[in-house]
Every structure is written in structure tokens, then in C-alpha cells.
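*Asks:*
Numbering (the numbering used here), first residue to last: 9 to 443.
#1: For the segment 263-279 and the segment 107-122, state whether three or more C-beta atom pairs, one from each stretch, are separated by less than 8 Å.
#2: If you draw a straight line from the alpha carbon of residue 41 to that of residue 91, how long is it in whole angstroms?
#3: Take every Cβ of the segment 143-150, pair it with every Cβ of the segment 159-177, and state whether three or more of those distances are shorter than 8 Å.
#4: Should residue 282 go down as buried or exposed, given a rule of 16 or more other Cβ atoms within 10 Å for buried?
#5: Could you give the uninterrupted runs of the alpha helix (DSSP H) lying entirely in the segment 111-161, keeping only those of 4 residues or more?
#6: Where do the ends of the beta strand (DSSP E) carrying residue 368 lie?
#7: State buried or exposed for residue 33, treating a residue as buried only when at least 16 other CB atoms are found within 10 Å of its CB.
#8: State the Cα-Cα distance for the pair residue 257 and residue 304, rounded to the nearest angstrom.
#9: Sorted by chain position, which residues of the same chain lie with C-beta nearer than 7 Å to residue 317's C-beta, five sequence neighbours on each side aside?
#10: How do the segment 164-173 and the segment 193-206 stand: do at least 3 beta-carbon pairs fall below 8 Å, yes or no?
#11: Between which two residues does the beta strand (DSSP E) holding residue 321 run?
#12: Here's the rule: buried if 16 or more other CB atoms are within 10 angstroms of the residue's CB, otherwise exposed. What is residue 361?
#13: Can you list, in chain order, the residues of its chain with a C-beta nearer than 7 Å to that of residue 39? Leave out the 5 residues immediately preceding and following it.
#14: Beta carbon of residue 297, beta carbon of residue 273: below 7 Å?
#15: Could you round the C-beta distance between residue 397 and residue 382 to whole angstroms and report it? I think they count as a contact, below 8 Å.
#16: Can you list, in chain order, the residues of its chain with a C-beta nearer than 6 Å to that of residue 413? Leave out the 5 residues immediately preceding and following it.
#17: Cβ of residue 375 within 7 Å of Cβ of residue 336?
#18: So the candidates are 50, 280, 231; which of them puts its Cα closest to the Cα of residue 86?
#19: The beta strand (DSSP E) that contains residue 195, what's its start and end?
#20: Is the CB-CB distance between residue 199 and residue 88 below 7 Å?
#21: Do you know offhand how far residue 26's Cα is from residue 392's?
#22: Which residues mark the beginning and the end of the beta strand (DSSP E) in which residue 87 is found?
#23: Buried or exposed: residue 301, going by 16 or more other Cβ atoms within 10 Å of its Cβ?
#24: Could you check if residue 123 is buried or exposed, using at least 16 other CB atoms within 10 Å of its CB as the buried criterion?
#25: Residue 120 and residue 144: beta carbons closer than 7 Å?
#26: Does residue 296 come out as helix, strand or coil in the three-state DSSP assignment?
#27: When the Cα atoms are used, what is the spatial distance from residue 185 to residue 327?
#28: Going by DSSP, name the residue or residues bridged to residue 206.
#29: Please report the straight-line C-alpha distance between residue 161 and residue 94, rounded to a whole angstrom.
#30: Between the Cα of residue 58 and those of 331, 238, 211, spot the shortest distance and give me the residue it belongs to.
#31: Nearest-angstrom Cα distance between residue 133 and residue 240?
#32: Tell me whether residue 439 is buried or exposed, calling it buried when 16 or more other Cβ atoms sit within 10 Å of its Cβ.
#33: Less than 6 Å between C-beta atoms, sequence neighbours within five positions excluded: which residues of the same chain meet that for residue 117?
#34: Going by the DSSP bridge assignment, what does residue 348 pair with across the sheet?
#35: From what residue to what residue does the beta strand (DSSP E) around residue 414 run?
#36: Taking the DSSP output, what are the residues bridged to residue 106?
Structure representation (C-alpha cells):
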């Protein structure tokens, strides 16, 4: 049955009109923004969607129509706030994403028949390819689908399925090629650093399930037939998600790939004044390498790992305030260094750890330092922090400043030499451990 689903029946394919996807995106936007934007913030809407899905598992399955209407309503409100357009929307797709829900047929919904799996999508924007990975029954069954995509307007992609491969108990079966014309339209209705909403449909392409008579000829035809909710995979999720089929050499291959990506990332970050002189292509390359490295992190729970502690020199960032000081200096004093120091202590050598986080920007004749307490999550990469002190010095003049604010960052990658983080504003930071 799996092979039949992959191959399908030979049948003529209706013509595809690229303008249809653009028109549907415009229609979705007009429905959403026909009135004033809701008072709920973007973060609240994202939390609401995941909360509505939570009772139905992860990924959510068998969602009743009444609950789906509520989910769809919240998604449309979020779509009205879509921050990504054109090239930005495409660039934001890069990396590994976890499928949280879809009303599309299996296996696109993260299941195979009644069996729920762990579903991930790995997007490689530079090569215009992506891979869907579905692991079931404790990875006893692994399904991998490869596809290509091309932009069709500012918020739509046309994807073409290429191959599907099954692995049973570690035994890889030969890949099966999809018939020509097995295509879909993706409408990128919402994309940011950690959340994606996609409306998708056959839209004139070929459907194996329809060819086999498993679905009606009309089902899934419209470009916005199906809803997908995806969140960016955390470093621990991404490292557990099998980036390819099982192999006895996988650990050695992953270690070699880590070394290669680290060297490329350090090279890409060099000579840019911590990122202040980075161009659009530099930004894309550093983000791409960071995401690919995060998928190979050797540290399952980086926030609570002892590797987090130490003095970290910031070698590249997108944080605008730091870049402004890097470029312009402090009232004529040039910037000489920027770093973070993370430490942990506990009274009497027992009890819970207490963490501190100090940020510092050094100038030739001055500094700006912010002290914080921080609380790493026990699992995953999230680190919450609260500012406790702030001070600035310009030559002989030193001023205490009011510490205001709190925030968080996610540790995407950490080892003995390198750390990559993304904060609550979406800014990326690459740090090297001070020797």
C-alpha cells in the first residue's frame, strides 16, 4: 500500500495557474484585516492556537469540526499580523520545523493511519528543497519525503514531490519517485522566527490519493484547502529528529558535519564588526549555517548544561543596539570588545544552582555593563533573565543606571567552543568561549 501511495495511477494533470495562489493569499488577508486588528497580541494568539490544539495530542489528530473552527478563527487573526513578505518570508522558512497540526490527509498530518508519529520538516532555502520526516513506533518505521519548491509571488510557493523512502526496523527500502506533476501550492499566510501557518492544496497538481480513489476528485483542490501549524523545532527536538535514515556511521558523520559547519560559521562571521557591516547575503548565510548547526547540537538540554557557563566573546549578532555601539562607539570612544559571562553558584556546595548573567561592552576608555539573574529551563534551551544592575563609564565619569526589563533567549547550540542563541526579539547571537 505504501508503494502504491507513492506511485499512484497515471492520470492527466490539470493546468496550474500561478496567479491563483496569489489571489487566495490576498483574499485571506482581506478577510482578516477587514476590520480593526484584535487587541490580543501576536504572542497571545500563538499561545491560544497551541492551547486549543493541546487536548488532541502532538501533533493534534482527530480535531472535531467545532474546535477546528475556533482554531481556524485564531489562525486567521494571526495571519492578519503576518510580518514576512517576499524574500523575507522565504528566508524565514530556513531550518527545522515541527508539525503541530494539519487537517490534510495522512501522512501530511503527522500520522500513518491511526498511528501518531513525530513529524518534522527541514527546509533548505538556498537549494530550494525540503524534506518531510515522519518517525513512528519509536522510529521502527521512518518515512522521508523529498521535494523542491519555487516562489510563486510574494507569499506562495509551488512545491513538487520528488521521492518517498521508507525504513522499517533500520532497513532502508529503495526510494520511490513520485509521478511527474505531483505538486502542491503553499500559501505562506504567517511566518516568523518560531511559528508558521501554511494554507495548502493540490491546486491543479496531481494527487496520488485521489488517483487511487482514496479521496474524492474535488477534495484538496483549492490552494487553501488545508491548514498547517508548525513551530520551529527546539535544539533538542531537532537533534532527536532523524535528519536522514538510520545508519551505523551516523554519529561519526554528525560529528564531522558539526566540525565543518562550525568552521564555515566562524569564517562567515569574520570581518563584519560583530555583524554591523553584514550585508543581506551575509545575514542569510550566517542564519542558514546557524540553523544547520543547531540541528546537530551535541547537547540535548543546553540551557541546564554546565557548558553554558563561562565567558563568551560575542563575534556576531543582529541585535541593533549592540551593533550601533559597535559601529559608532560611546560618545567618541571606539568599541573594543563585547562579551557575556554566565556563572552558577550554590550555597555550601548543595541545593539548587543560582545563575548570573553579565553583559558587557568595552570601549577604549569606558564600558557599559548590565548584570542579571537568570534561570535556565531544566529541559530544552530556554534561559529566562531579569536585569538587576546597569552601569556606564565614559573616561573618568561613571554612572549607575536603572536596570529595567527582563527577557529570554534560546540556546540553539553549545559545546566547549561555540554557542549560538536566538532571543525573544528574534535576534541571533554567535559567541566563542574565551580561552
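By construction, the Cβ of each residue, glycine as well, lies at the ideal position given by its N, Cα and C atoms.
*Replies:* Let's see:
#1: no
#2: Here the question's residue 41 lines up with position 33 in the chain shown. Here the question's residue 91 lines up with position 83 in the chain shown. With a pLDDT of 42 at residue 41, under the threshold of 50, the modelled position of this residue cannot be trusted, and the question is left open.
#3: yes
#4: For the purposes of this step, residue 282 is taken as the residue at position 274 of the chain shown. Counting Cβ neighbours within 10 Å, residue 282 comes out buried, since at least 16 surround it.
#5: none
#6: Numbered from its first residue, the chain shown carries residue 368 at position 360. It spans 362-371 - the beta strand (DSSP E) in which residue 368 sits, taken as one unbroken run.
#7: Counted from its first residue, the chain shown places residue 33 at position 25. Only weak support is given to the placement of residue 33: the predicted model assigns it a pLDDT of 48, under 50, and the question is left unresolved by the model.
#8: As a first step, residue 257 is located in the chain shown; it is residue number 249 there, counting from the start. As a first step, residue 304 is located in the chain shown; it is residue number 296 there, counting from the start. Low confidence applies to residue 257: its pLDDT is 44, below 50, so where it sits in the model is not reliable, and the reading given next is rough at best. Rounded to the nearest angstrom, the gap between the Cα atoms of residue 257 and residue 304 is 15 Å.
#9: Your numbering for residue 317 matches position 309 in the chain shown. Closer than 7 Å at Cβ, skipping near neighbours: 350, 351, 352.
#10: yes
#11: As a working note, residue 321 is residue 313 in the chain shown. Counting along the chain, the beta strand (DSSP E) containing residue 321 begins and ends at 318-325.
#12: Numbered from 1 along the chain shown, position 353 holds the residue referred to as residue 361. Looking at its Cβ environment, which holds fewer than 16 other Cβ atoms inside 10 Å, residue 361 is exposed.
#13: As a first step, residue 39 must be located in the chain shown, where it is residue number 31. The predicted model places residue 39 with a pLDDT of 46, which falls under 50 and marks its position as unreliable; any figure quoted below should be read in that light. Cβ within range, chain order: 84.
#14: Within the chain shown, residue 297 is the residue found at index 289, counting from 1. Within the chain shown, residue 273 is the residue found at index 265, counting from 1. The Cβ-Cβ distance between residue 297 and residue 273 falls below 7 Å.
#15: Residue mapping note: residue 397 aligns to position 389 of the chain shown, counting from 1. Residue mapping note: residue 382 aligns to position 374 of the chain shown, counting from 1. That pair is no contact at about 13 Å.
#16: Here the question's residue 413 lines up with position 405 in the chain shown. Only 395 meet the Cβ criterion.
#17: For the purposes of this step, residue 375 is taken as the residue at position 367 of the chain shown. For the purposes of this step, residue 336 is taken as the residue at position 328 of the chain shown. No, Cβ-Cβ distance for residue 375 and residue 336 is not below 7 Å.
#18: For the purposes of this step, residue 86 is taken as residue 78 along the chain shown, with counting starting at 1. It is 50 whose Cα lies nearest to the Cα of residue 86.
#19: Start at 1 with the first residue of the chain shown, and residue 195 comes out as number 187. Per DSSP, residue 195 is one residue of the beta strand (DSSP E) stretching across 191-199.
#20: Against the chain shown, residue 199 aligns to sequence position 191. Against the chain shown, residue 88 aligns to sequence position 80. Against a cut-off of 7 Å, the Cβ pair of residue 88 and residue 199 comes out as no contact.
#21: Within the chain shown, the letter at position 18 stands for residue 26. Within the chain shown, the letter at position 384 stands for residue 392. Residue confidence for residue 26 is low, a pLDDT of 48 falling below 50, so the modelled location carries little weight; the figure read from the coordinates is stated next. One C-alpha to the other measures close to 44 Å.
#22: For this step, residue 87 is matched to residue 79 along the chain shown. In the DSSP assignment, residue 87 falls outside any beta strand (DSSP E) and lies within the alpha helix (DSSP H) extending over 73-87.
#23: Translated into the one-based positions of the chain shown, residue 301 becomes position 293. Per the 10 Å Cβ criterion, buried.
#24: The residue given as residue 123 occupies position 115 in the chain shown. Classification of residue 123: exposed, given that the 10 Å Cβ count is below 16.
#25: Taking the chain shown and counting its residues from 1, one reaches residue 120 at position 112. Taking the chain shown and counting its residues from 1, one reaches residue 144 at position 136. Cβ atoms of residue 120 and residue 144: closer than 7 Å.
#26: By 1-based counting over the chain shown, the position of residue 296 is 288. Note: residue 296 maps to helix in three-state DSSP.
#27: Taking the first residue of the chain shown as 1, we reach residue 185 at position 177. Taking the first residue of the chain shown as 1, we reach residue 327 at position 319. If you take the alpha carbons of residue 185 and residue 327, they lie about 44 Å apart.
#28: For the purposes of this step, residue 206 is identified with residue 198 of the chain shown, where counting begins at 1. BP columns for residue 206 point to 196, 236.
#29: Stepping through the chain shown from its first residue, residue 161 is reached at position 153. Stepping through the chain shown from its first residue, residue 94 is reached at position 86. Using only the alpha carbons, I get a separation of about 7 Å.
#30: The residue you call residue 58 lines up with position 50 of the chain shown. Measuring from the Cα of residue 58, the nearest candidate turns out to be 238.
#31: Locating residue 133 in the chain shown gives position 125, counting from the first residue. Locating residue 240 in the chain shown gives position 232, counting from the first residue. Cα to Cα, residue 133 sits roughly 15 Å from residue 240.
#32: Here the question's residue 439 lines up with position 431 in the chain shown. Counting every other CB atom within 10 Å of its CB across the protein chains shown gives residue 439 a total of 16 or more, marking it as buried.
#33: Locating residue 117 in the chain shown gives position 109, where the first residue counts as 1. These residues qualify, in order along the chain: 110.
#34: Within the chain shown, numbered from 1, the residue matching residue 348 stands at position 340. Paired residues: 320, 367.
#35: Reading the chain shown from its first residue, position 406 is the one you call residue 414. Looking at the DSSP string, the run of the beta strand (DSSP E) that includes residue 414 is 414-422.
#36: If you number the chain shown from 1, residue 106 lands on position 98. Bridge partners of residue 106: 128, 239.
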